[in-house]
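K.L.:
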Amino acid sequence: MSDSRVCVILAAMGLRDEEANEIAALENPYIICADAGYAHAARCGIVPALILGDFDSYDGNAETLCGAVETFPVEKDDTDTMLAVKEGLAAGCRDFRIYGALGGRLDHTMANIVALRYLLDHGASGWLISSDNCVTMIENDTIVVKKDPCFPNASIFCYGPPAKGVTIRGCQYPLTDYTLDEHFPLGVSNHVMENEGSFTVKEGTLLVILSA
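Per this note's numbering: the sequence shown = residues -14 to 197.
Written out as structure tokens, the structure reads:
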């Protein structure tokens, strides 16, 4: 059964006060802390519904955590963030906001981008959110992006097989019914020029990155 609540996942790379305020403004979000994400939640006064992970990056004592806790072995197939994604899906959530998942180790950043693909495959969507970047993924769909001085750069990349019927409107570099592939980054560093811009792919998957 689908849950209309937003699933907020707090990962290890930190949480700004502005982001904590964004979370506080959500209506009854389902909040999951992945490992060291709990330290950032505690600092900001955020009470999670669930804390999980192998706790190899959490500096405190996992036995003293307040709330529901699921502990996993360090040697496992899933990252802590992916475990949180699966828990959110199991709870019925279909709209995900993942904080603290960009920056730091590149391998974990890539794993978190793969988590966006996993969400699409399971009928959900998500954003990776940091102070410098917001990242999402669309498949056979259109995304509308508002002009935002905090994130003036808008880039799209093909993710997987060639993305067909790619159209960009309301941006500095428009595009119409183009086939974008993974061999050339044609969609990098665009800019929304009107009140909003749109990115469409008729067949395929696009990684969408809004950058400061």
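Every residue, glycine too, gets a C-beta built ideally from N, C-alpha and C.
Tell me whether threonine 127 sits in a helix, a strand or coil according to DSSP, three-state version.
P.N.:
Strand.
K.L.:
Nearest CA to the CA of glycine 108: which residue from Phe142, Leu87, Gly77?
P.N.:
Nearest C-alpha to glycine 108: Gly77.
K.L.:
Would the beta-carbon of serine 229 fall within 8 Å of that of arginine 154?
P.N.:
Summary: the structure shown does not reach residue 229, with the chain confined to residues -14 through 197, and so no result is reported for it.
K.L.:
Leaving out five residues on either side along the sequence, give the residues of the same chain with a beta carbon under 7 Å from the beta carbon of cysteine 156.
P.N.:
These residues qualify, in order along the chain: Ala139, Asn175, His176, Val177, Met178, Gly182.
K.L.:
Taking the Cβ atom as the reference point for each residue, do aspartate 71 and aspartate 39 lie within a distance shorter than 8 Å?
P.N.:
According to the sequence displayed, residue 71 carries lysine and not aspartate. Contact flag unset, no.
K.L.:
Entirely within the segment 60 to 98 and at least 3 residues each: give me those beta strand (DSSP E) ranges in chain order.
P.N.:
78 to 84, all fully within the segment 60 to 98.
K.L.:
CB-CB under 6 Å to valine 59, same chain, minus the five flanking residues each way: which ones, in chain order?
P.N.:
Cβ within range, chain order: Asp39, Asp41.
K.L.:
Provide the residue(s) that pair with threonine 185 in DSSP beta bridges, ordered along the chain.
P.N.:
Threonine 185 pairs with Thr127, Thr152.
K.L.:
If you compare alpha carbons, which of Leu165, Gly85, Leu104 is closest to glycine 145?
P.N.:
Here the closest residue by C-alpha is Leu165.
K.L.:
Rounded to whole angstroms, what's the CA-CA distance from isoleucine 31 to aspartate 106? Just pull it up for me.
P.N.:
Their backbone Cα atoms lie some 30 Å apart in a straight line.
K.L.:
What are the partner residues of isoleucine 167, as DSSP defines its beta bridges?
P.N.:
Per the sequence presented here, residue 167 reads as glutamate, with isoleucine not at that position. Its beta-bridge partners do not exist; DSSP assigns none.
K.L.:
Where does tyrosine 144 fall in DSSP's three states?
P.N.:
Coil, per DSSP.
K.L.:
Measure the C-alpha to C-alpha separation of alanine 24 and lysine 149 and round it to an integer number of angstroms.
P.N.:
C-alpha separation (whole angstroms): 43 Å.
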